[in-house]
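There are 2 protein chains.
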Amino acid sequence: MRTIAGLNKCMHFEVITIRDIARELGLSVSTVSKALRDSHEISSKTKLLVQDYAREHNYRPNPIAQSLKQGQSKSIGVVVPAINNQFFSQVIDGIESVAYSNGYNVIITQTHERYDMEVQNVEHLVHRSIDGLLISLCTETQNVEHLQKLHRQGLPIVFFDRVSNDIETHKVIADNYKGAYDATSHLLETGYKDIAHITSTANASVTTERLAGYKQALADADVAVQNDYIKFCPNGTDLTAKVETALDELLALNTPPQALFTAWDTITTTVLALLHKRGLRVPQDIALVGFSNTTLADILNPSLTAVHQPGFEMGKTAIEMLLALIKAKYPIEEFETKVLPTQLFVRASSVKA
Amino acid sequence: MRTIAGLNKCMHFEVITIRDIARELGLSVSTVSKALRDSHEISSKTKLLVQDYAREHNYRPNPIAQSLKQGQSKSIGVVVPAINNQFFSQVIDGIESVAYSNGYNVIITQTHERYDMEVQNVEHLVHRSIDGLLISLCTETQNVEHLQKLHRQGLPIVFFDRVSNDIETHKVIADNYKGAYDATSHLLETGYKDIAHITSTANASVTTERLAGYKQALADADVAVQNDYIKFCPNGTDLTAKVETALDELLALNTPPQALFTAWDTITTTVLALLHKRGLRVPQDIALVGFSNTTLADILNPSLTAVHQPGFEMGKTAIEMLLALIKAKYPIEEFETKVLPTQLFVRASSVKA
DNA sequence: TTACCACACTAAAACGTTTGCGTGAATTAT
DNA sequence: ATAATTCACGCAAACGTTTTAGTGTGGTAA
Numbered sequence: 008m009r010t011i012a013g014l015n016k017c018m019h020f021e022v023i024t025i026r027d028i029a030r031e032l033g034l035s036v037s038t039v040s041k042a043l044r045d046s047h048e049i050s051s052k053t054k055l056l057v058q059d060y061a062r063e064h065n066y067r068p069n070p071i072a073q074s075l076k077q078g079q080s081k082s083i084g085v086v087v088p089a090i091n092n093q094f095f096s097q098v099i100d101g102i103e104s105v106a107y108s109n110g111y112n113v114i115i116t117q118t119h120e121r122y123d124m125e126v127q128n129v130e131h132l133v134h135r136s137i138d139g140l141l142i143s144l145c146t147e148t149q150n151v152e153h154l155q156k157l158h159r160q161g162l163p164i165v166f167f168d169r170v171s172n173d174i175e176t177h178k179v180i181a182d183n184y185k186g187a188y189d190a191t192s193h194l195l196e197t198g199y200k201d202i203a204h205i206t207s208t209a210n211a212s213v214t215t216e217r218l219a220g221y222k223q224a225l226a227d228a229d230v231a232v233q234n235d236y237i238k239f240c241p242n243g244t245d246l247t248a249k250v251e252t253a254l255d256e257l258l259a260l261n262t263p264p265q266a267l268f269t270a271w272d273t274i275t276t277t278v279l280a281l282l283h284k285r286g287l288r289v290p291q292d293i294a295l296v297g298f299s300n301t302t303l304a305d306i307l308n309p310s311l312t313a314v315h316q317p318g319f320e321m322g323k324t325a326i327e328m329l330l331a332l333i334k335a336k337y338p339i340e341e342f343e344t345k346v347l348p349t350q351l352f353v354r355a356s357s358v359k360a
Numbered sequence: 008m009r010t011i012a013g014l015n016k017c018m019h020f021e022v023i024t025i026r027d028i029a030r031e032l033g034l035s036v037s038t039v040s041k042a043l044r045d046s047h048e049i050s051s052k053t054k055l056l057v058q059d060y061a062r063e064h065n066y067r068p069n070p071i072a073q074s075l076k077q078g079q080s081k082s083i084g085v086v087v088p089a090i091n092n093q094f095f096s097q098v099i100d101g102i103e104s105v106a107y108s109n110g111y112n113v114i115i116t117q118t119h120e121r122y123d124m125e126v127q128n129v130e131h132l133v134h135r136s137i138d139g140l141l142i143s144l145c146t147e148t149q150n151v152e153h154l155q156k157l158h159r160q161g162l163p164i165v166f167f168d169r170v171s172n173d174i175e176t177h178k179v180i181a182d183n184y185k186g187a188y189d190a191t192s193h194l195l196e197t198g199y200k201d202i203a204h205i206t207s208t209a210n211a212s213v214t215t216e217r218l219a220g221y222k223q224a225l226a227d228a229d230v231a232v233q234n235d236y237i238k239f240c241p242n243g244t245d246l247t248a249k250v251e252t253a254l255d256e257l258l259a260l261n262t263p264p265q266a267l268f269t270a271w272d273t274i275t276t277t278v279l280a281l282l283h284k285r286g287l288r289v290p291q292d293i294a295l296v297g298f299s300n301t302t303l304a305d306i307l308n309p310s311l312t313a314v315h316q317p318g319f320e321m322g323k324t325a326i327e328m329l330l331a332l333i334k335a336k337y338p339i340e341e342f343e344t345k346v347l348p349t350q351l352f353v354r355a356s357s358v359k360a
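As you go down the protein sequences, you meet chains A and B in turn. Under this note's numbering, residues 8 to 360 are what the first sequence spells out, in order. Under this note's numbering, residues 8 to 360 are what the second sequence spells out, in order.
Here's what the structure looks like:
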């Protein structure tokens, strides 16, 4: 008998081990083990005996011992910028659901958009013996050496949302290009021509793709791209201050924009809050369309025209890909980047004044 | 040498073990182990030798082996109704920060407000060898036998937010009574008398406390408590439908309420959304104050007068208490219920029409 | 010299599994 | 009747660590 981890204080409770079963049934440990795993080496009579006994006595294999023996921990690491962010919590929701039903634990860590935290978390996770890693890069991250090393060593890694082009592995992203294209086109169709774009750090994959979509939509409508309409506000610390400066600059232009297209969840809501603060009416004074996964878009003031990313599906897809990598018998050479559709929900913040 | 879990495909990478160090340095395994743990049995010369070698070769003890040996997993289980909920993700944020810096992993599971999921998750976590459990009960939960058994057996458990009175252990809650009292008083002071209360299932601790605060505030203002002003809408599936019915009934009363006090995060935003849908103006047609931890309260339509719970602090406090239980040398008999202050943020949804 | 002790280290068991190999018995083929 | 094969099971090593119980050396006290 052993005691459950954590149950070491007043242990009336005993957890049964394979050894107990063996002793009780007059069998060897290996026979019991094999019987439980339904090995062909064991007679069906013995198997039944053992399995019945195990069931009755509520036997559960010790996962830690199994991990040690089999060299896999049945847990996967997740690195996100922040849990406290609707989009990422939706992703985690998706991850958790699939992981759980496959017998995997999910260990979640946050970078808070800090590169050093990202490096540290990844290292921590690896040394906690994770079987695979799910990661969305933080905005500060410029190089991915900390991941490349692990990837070369064979650690299964899947990127989601904020991916790196410097590592060949499975990735899941939203259709950022199209999402941005749709959002911008929508503003154009509504009648806005002077559309500014507020986005995050220039070096993120997401930023590049959304910027491209924005530019292409303008180009397709024969509207010139104005560089002073494009503002980069790396999210992380002081986001509000950065966005405030960006807004100041935009509104001080000779031709201030009539509409804003914000490319990141946190930026969108920050912008809306700042517009409120300045007493600017949306959309009368300035229209707004943004990427956002908030569930409250309908009851915002005004209700928010938003590009919605399939967070839950992204999480599900990411972990499914990761499990495929983990379970693969042979090293995988062919990697895939899944692109999930975004959805534009038109609401009041972008109707023509 | 061993391979890191997960790094079993193309293993150029070798992880060093205590055995390797021993062989390389011509020492025994036990000497190395003791040297690394700075035992007094080992000469300082040898200690230095071993420690230097370990550092240089980037030795990291295998946590799984340690867990197996020491009977503790260095991971704690968290059970919440839903990750995708601002309040709980704030709590998890707090939990994660403390756990991480203490070398603990956090394994998160969700009940989605389903009792059977709660039972299942708890069982799953225990058999994953967690050292302790952090749990916020789901609304369906009526009895806590699944936890009592574990608690009697000595598993450290700390409740947060939605606690049980049937188990004596550490608990952290917000000051629900005062939060509700303040919210109701605020409405009364603003000039509303007919204040309805929409809350969740009657059997949750949170519900009882908030209901009590609501009633007391009315009593203190010499306003009679009307039972048909109190509506129970267990959150979980079909919350919107339940709230819709509750609203129908309230508005059909001879004296329909002029103000609403909603006691749960999800109910608050659902109510606001439904009021929008019906074209009712807030607060002109009906005022609204609710418990809510949304970060978007300022930009809701109208901006929301909200009772805010200290989610992050609650998470921090909960895990600190749990770690205290885990690290305790002797069984703890004295348990504490920490009550964290709530905060009322007055915004537009409750100004007098 | 003998006994004792501190010191610095080692051997081996233990945690709970899984698994390759060995073995005796029963069965089948020759 | 003997040999070959299959069957059903046991032995023991292994995963990487911690820890208990030694062991041998050298020094000190009697």
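Don't be surprised by glycine CBs; every beta carbon is placed ideally from N, CA and C.
B/Tyr337 and A/Glu216 have their C-alpha atoms roughly 58 Å apart. For A/Asp100, the C-beta contacts it makes with chain B under 8 Å involve Ala89, Ile90, Asn91 and Gln117, in order along the chain.
At least one C-beta of chain A is nearer than 8 Å to the C-beta of B/Tyr107. In this structure, the alpha-carbon of B/Gly318 lies about 21 Å from that of A/Thr277.
If you look at B/Leu287, you'll find it isn't in any alpha helix (DSSP H); DSSP assigns it neither H nor E. A Cβ of chain B is located within less than 8 Å of the beta carbon of A/Ala72. Counting only residues of its own chain and dropping the five nearest sequence neighbours on each side, A/Gly101 has a CB closer than 6 Å to the CB of Phe319, Gly322 and Lys323. Inter-residue distance for A/Gln149 and A/Thr208 is about 10 Å (C-alpha atoms, whole angstroms). The beta-carbon of B/Asn308 is placed less than 8 Å from the nearest beta-carbon of chain A. Beta-bridge partners of A/Thr206 (DSSP): A/Phe239. Close to A/Ile23, with beta-carbon spacing below 8 Å, lies no residue of chain B; the smallest spacing is near 12 Å.
Taking C-beta atoms as the reference points, A/Val314 and A/Thr349 count as a pair closer than 8 Å. The distance from the Cβ of B/Arg169 to that of B/Leu144 is about 4 Å, consistent with a contact at the 8 Å cut-off. Per DSSP, B/Ser82 lies in no alpha helix (DSSP H) segment; the continuous beta strand (DSSP E) that holds it begins and ends at Ser82 to Val87. Taking 7 Å as the upper bound on Cβ-Cβ separation, chain A lies near residues Val133, His134, Arg135, Ser136, Ile137, Asp138 and Gly139 of the region 132 to 154 of chain B. Using beta-carbon distances, A/Ser37 does not count as an interface residue toward chain B, since no partner is under 8 Å. When the five nearest sequence neighbours on each side are left out, the beta carbons in the same chain lying within less than 6 Å of the beta carbon of A/Thr176 are those of Ile164 and Phe342, in order along the chain. When DSSP states are grouped into helix, strand and coil, A/Gln93 belongs to the helix group. Neighbours of B/His177 across chain A, judged by C-beta separation under 9 Å, do not exist; the nearest C-beta is about 14 Å away. For A/Val126, same chain residues with a beta-carbon under 8 Å away, outside a window of 5 residues either side, are His153 in chain order.
Membership of A/Ala190 in the alpha helix (DSSP H) is indicated by the continuous run Asn183 to Thr197.
CA-CA distance, A/Ala72 to B/Ala42, rounds to 25 Å. When beta bridges are read from the DSSP output, B/Lys345 appears opposite B/Val179. The straight-line gap separating the alpha-carbon atoms of B/Tyr236 and B/Thr197 is approximately 19 Å. Between the region 51 to 59 of chain B and the region 73 to 92 of chain B, the count of C-beta pairs closer than 8 Å stays below three; the two stretches do not touch. Here A/Val126 carries a helix assignment [DSSP, helix/strand/coil]. With a cutoff of 8 Å on beta-carbon distance, A/Ile205 and A/Cys240 are scored as near each other. Out of B/Tyr66, B/His134, B/Thr252 and B/Glu48, the CA that lies nearest to the CA of B/Arg26 is found in B/Tyr66.
Contact note: B/Gln97 reaches chain A through Asn91, using a C-beta cutoff of 8 Å and chain order.
Listed along chain B are Ala280 and His283, each with a C-beta nearer than 8 Å to that of A/Asp305.
For the 8 Å CB-CB criterion, A/Thr118 and A/Asn128 form a contact.
The C-beta of A/Gln79 has 16 or more other C-beta atoms within 10 Å across all chains shown, which makes the residue buried.
When rounded, the separation of the alpha-carbon atoms in A/Leu195 and A/Asn172 is 31 Å. By the neighbour-count definition (other C-beta atoms within 10 Å, threshold 16), B/Asn261 is an exposed residue. A Cβ of chain A is located within less than 8 Å of the beta carbon of B/Arg67. In this structure A/Phe94 is not in contact with A/Ala190, their Cβ atoms being roughly 16 Å apart against a cut-off of 8 Å.
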